[in-house]
Amino acid sequence: MGVSETYARGRRFFVEQPLALGVALVGLYMAWFLGEGLITGRILFSDIASWAWDGLMRGLIIGLAGIGLSMTYSILNFANFAHGDYITTGAFGGMAASYLLAGLGDADAGSLLLVGSGRSVYGGALGVGIVTSPLAVVAGMFIAGVATVALALLIDRFVYKPIRDESGITLLITSIGVAFALRYLIVFVFGSDVRGTTAAGQQPTASLLFVDGYVRINAHDVTLLVVSAALMLGVHLLLQRTKLGKAMRAMSDNEDLARITGIPTERVVKSTWIIGGGLTGVAGYMFVLWKGTIGFNDGWLLLLLIFAAVILGGIGSIYGAIAGGIVIGMTASLSIVWIPSEFGRAAAFAVMILILLFKPQGIFSGRSTA
Amino acid sequence: MALLEVRELDAGYGDLQILTDVDMDVAEEEYVTIVGPNGAGKSTVMKSVFGLTTHMGGTVTFAGEDITAAQPEGVIHKGLGYVPQNDNVFAALSVEENLEMGAYILDEMPEAALREVYDRFPILEERKDQKAGTMSGGQQQMLAMGRALMLDPDLLLLDEPSAGLAPDLVDEMFDKVDEINEAGTAILMVEQNAKEALRRCDRGYVLANGENKFVDSGTALLNDQEVRQEFLGG
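Read top to bottom, the protein sequences are chains R and B.
All you need for the numbering used here is the position in the first sequence, starting with 1, plus 1086.
All you need for the numbering used here is the position in the second sequence, starting with 1, plus 828.
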């Protein structure tokens, strides 16, 4: 192989792959910046570990909430923009139950059910938390799921079902309308102020020594990890092992064939809303439990990240939603190493665009699983 | 009385009428093929029997029951199986899961029927854990038939089972259809490969422009001068 051929190949690479080249250069710079920071002690190894842990937690929430979105997308073929507000519904529904159980007797039921609207009661004062009031948290999680299932079924029955045969764009715009209506209904009932929900300070925290510092992991981190892992495993088993799960995959694969095979498609759609809605509600509850605050915009703000995760993972695949969620969450958190934290979300979207440029179908492309 | 009786059927899609006054009979355990030029409405007849078209007139009776414009779910329960021409397997599901979906309407997986399908198509048992979408066209066709056989139907509707198959597989496929028919399942088949289909079937219908043109035994149609010239390419 002559010099000229090597030169020509190199030249071709520069001309045809400017993007890959740019990414490689930026990647090299970032690696150098990180390495230099770690060596000079500007960045601590334990900081990196803390940010990664924080990113994993965010990723789990995004992934868990993304499963529901991905499921309804693959079975009903439309992107439900009201999904973010289903998350908020779960958060408020579940927290109302937690407040009521944790604070009954200490405060009037009305204020508790409205999750301390108008600063009437505070979750911190009620001792809401997995260790201080485990029953209230477990019940809250359950109610969050049930409330969101009920909402999802209700909206499907009265809004989406009548227009299911219209084009995807009709459904999409309608779902945006549903999103706004739902959000302001939540504001109307629960108020618009962002407030604290948990007695975060009263939950035990473990400080793990990591190289040059400590990584702090609190009880709500562990709760989130356990609950998400359990639910994700549950969904996996449902889809792979049960007849309903297989029918859901079959319908996502080929709806016409599902119908002529005798699969009751309407019933599968309903089950999809039930399972997807339940997961979404629990995700919303876990989100506000973990971050310790609640606001009417929580789900909406999370929705874009969820879309990013679901698209990144390969829309329609639940494994993609989980993987995409973790990538997006980690990116948003770890970007602090290089850029100010306010740009974390922007970094997450930049990484999404970048990955899609190289793998347009998403990480788990072609594996539509639900 | 025939197992399937189609009488003066008018059907199409939306406002577009494809079939006009189509009559068709399939007796129990009979093997019937529909041949005719492209766009003659052959597939539409099958879809209409299965309740997948817009009904515009006439009746469809199966085993003495009126199933005109019935829903597919209802038709399956009565003993009709249908293998569409394209996209006839769940690509993302394994072979065995595809067969399981074929028996979805039953409360339990019919082990005997599964055994029978595997005995008929040994390749499916060999590949039972493989994703259906990764199999060859011929194997997918076998799987689609296997799926339809899971409920042991009295009548199997096959839409161009040989389409897209390599020539050596076409014969094998026709052999399989013969076997299924010999085991007691009536067949109504649409085939592009008209001569071979007429050679093998009991009776054939020639359809053109959505109307009946000729009905006779397969051999008689093969020997009919007019049918040969107009529809079988001489």
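Quick reminder that beta carbons are idealized off the backbone N, C-alpha and C, glycines included.
CB contact below 8 Å: Glu893 (chain B) versus chain R: Not one chain R Cβ lies under 8 Å of Glu893 (chain B).
Distance CB(Thr1158 (chain R))-CB(Gly1362 (chain R)) smaller than 8 Å: Yes.
Cα-Cα separation between Pro900 (chain B) and Asp851 (chain B), rounded to whole angstroms: The straight-line gap separating the alpha-carbon atoms of Pro900 (chain B) and Asp851 (chain B) is approximately 21 Å.
Ala1433 (chain R) (DSSP reduced to helix, strand or coil): Ala1433 (chain R) falls in the helix class under three-state DSSP.
Status (buried if at least 16 other CB within 10 Å, exposed otherwise) for Arg1095 (chain R): Around the beta-carbon of Arg1095 (chain R), fewer than 16 other beta-carbon atoms lie within 10 Å, marking it exposed.
Ala891 (chain B) to Ser964 (chain B) span [Cα, whole Å]: Cα to Cα, the separation comes out at about 36 Å.
Proximal residues to Ser1454 (chain R) (C-beta, below 7 Å), its chain only, five neighbours per side dropped: Legend: pLDDT at Ser1454 (chain R) = 49, less than 50; position of this residue unreliable, value from coordinates given subsequently. Same-chain partners within the cutoff: Ser1160, Ser1338, Asp1339, Gly1402, Ser1403.
Whether Val1207 (chain R) touches Thr1284 (chain R) by CB criterion (8 Å): The answer is no: Cβ separation not under 8 Å.
Whole runs of the alpha helix (DSSP H) within the stretch 1303-1363 of chain R, excluding any shorter than 4 residues: Counting whole runs of 4 or more residues, the stretch 1303-1363 of chain R contains the alpha helix (DSSP H) stretches 1305-1327, 1329-1339, 1341-1347.
Backbone CA spacing between Val1235 (chain R) and Gly1381 (chain R) [nearest angstrom]: Roughly 21 Å separates the two Cα atoms.
Supposed close pair Ala1138 (chain R), Leu1311 (chain R) - CB separation, criterion 8 Å: Rounded to the nearest angstrom, the Cβ distance from Ala1138 (chain R) to Leu1311 (chain R) is 13 Å, too far for a contact under 8 Å.
Selected residue, minimal CA-CA separation from His1306 (chain R), among R:Leu1146, R:Glu1122, R:Leu1130, R:Ser1132: Out of R:Leu1146, R:Glu1122, R:Leu1130, R:Ser1132, R:Leu1146 has the C-alpha closest to the C-alpha of His1306 (chain R).
Beta strand (DSSP E) runs contained entirely in the stretch 888-915 of chain B, provided each spans 3 or more residues: Runs found: 908-911.
Straight-line gap, Ala1456 (chain R) to Leu1325 (chain R) (C-alpha atoms, nearest Å): Since pLDDT at Ala1456 (chain R) reaches only 45, below the 50 mark, its modelled position is unreliable, and no value is offered.
Ser1266 (chain R) versus R:Ala1182, R:Phe1167, R:Gly1406, R:Met1416, residue with shortest Cα-Cα distance: Residue 1266 (chain R) is actually Phe in this sequence, not Ser. Of the listed residues, the one whose Cα sits closest to Phe1266 (chain R) is R:Phe1167.
Neighbouring residues, chain R, relative to Tyr841 (chain B) (Cβ below 9 Å): Annotation: Tyr841 (chain B) has no Cβ neighbours in chain R at a cutoff of 9 Å; minimum Cβ distance is about 13 Å.
Below-8 Å beta-carbon distance, Pro938 (chain B) vs any chain R residue: No, Pro938 (chain B) does not count as interfacial toward chain R.
Within-8 Å CB hit, Arg1335 (chain R) to chain B: Using a Cβ-Cβ cut-off of 8 Å, Arg1335 (chain R) counts as an interface residue toward chain B, since at least one Cβ of chain B sits closer than that to its own.
Three-pair Cβ contact test at 8 Å for the stretch 944-963 of chain B versus the stretch 912-931 of chain B: As far as the Cβ criterion goes, the stretch 944-963 of chain B touches the stretch 912-931 of chain B, which means the pair count is three or higher.
For Val1232 (chain R) and Ala1276 (chain R), the rounded distance between their alpha carbons: With the sequence shown as reference, residue 1276 (chain R) is identified as Phe, and Ala is not the correct amino acid for it. Approximately 19 Å between the Cα atoms of the pair.
Simplified DSSP state of Ser1454 (chain R), which is helix, strand or coil: Low per-residue confidence applies at Ser1454 (chain R): pLDDT is 49, beneath 50, and the placement is therefore not dependable, though the value from the model is reported in the following sentence. Looking at Ser1454 (chain R) - three-state DSSP - the assignment turns out to be coil, as it is neither helix nor strand.
Residues, ordered as in the chain, of the stretch 964-978 of chain B that lie near chain R by beta-carbon distance below 8 Å: Those would be Arg975, in chain order.
Sub-8 Å separation of Cys1029 (chain B) and Gly1046 (chain B) beta-carbons: Their beta carbons are under 8 Å apart, which means Cys1029 (chain B) touches Gly1046 (chain B) by this criterion.
At least three beta-carbon pairs within less than 8 Å, the stretch 987-996 of chain B to the stretch 930-941 of chain B: Because the criterion of three Cβ pairs below 8 Å is not met, the stretch 987-996 of chain B and the stretch 930-941 of chain B do not touch.
Interface positions of the stretch 865-898 of chain B facing chain R (Cβ-Cβ less than 8 Å), listed along the chain: Cβ contacts with chain R come from Phe878, Leu880.
Near-chain B residues of the stretch 1336-1357 of chain R - C-beta to any C-beta below 7 Å: For the stretch 1336-1357 of chain R, residues whose beta-carbon sits nearer than 7 Å to a beta-carbon of chain B comprise Ala1336, Asp1339, Asn1340, Leu1343, Arg1345, Ile1346, Thr1347, Gly1348, Ile1349, Pro1350.
Cβ shell of Phe1450 (chain R) (< 7 Å), same chain only, five flanking positions each side left out: Excluding positions up to five away in sequence, the list reads Gly1399, Gly1400, Ser1403, Tyr1405, Gly1406, Ala1409.
Boundaries (first-last residue) of the beta strand (DSSP E) holding Val1112 (chain R): Careful: Val1112 (chain R) lies outside any beta strand (DSSP E), inside the alpha helix (DSSP H) at 1104-1126.
Delimiting residues of the beta strand (DSSP E) encompassing Ile1015 (chain B): Boundaries of the beta strand (DSSP E) around Ile1015 (chain B): 1014-1018.
Chain B contact residues for Lys1332 (chain R), given Cβ-Cβ distances below 7 Å: Near Lys1332 (chain R) (Cβ distances below 7 Å), the residues of chain B are Leu921, Glu925, Glu928, Met929.
Stretch-stretch touch, CB-based, cutoff 8 Å, three pairs: the stretch 877-885 of chain B with the stretch 841-848 of chain B: In short, these stretches touch, since the Cβ pair count reaches three.
Members of the stretch 899-915 of chain B near chain R, C-beta cut-off 8 Å: For the stretch 899-915 of chain B, the set of residues with a beta-carbon nearer than 8 Å to any beta-carbon of chain R comprises Pro900, Glu901, Ile904, His905, Tyr910, Pro912, Asp915, in chain order.
Residues that Ile933 (chain B) contacts on chain R, provided the C-beta gap is smaller than 8 Å: The contacting residues are Gly1348.
Closer than 8 Å to chain R by CB, Phe949 (chain B): No, because no Cβ of chain R sits closer than 8 Å to the Cβ of Phe949 (chain B).
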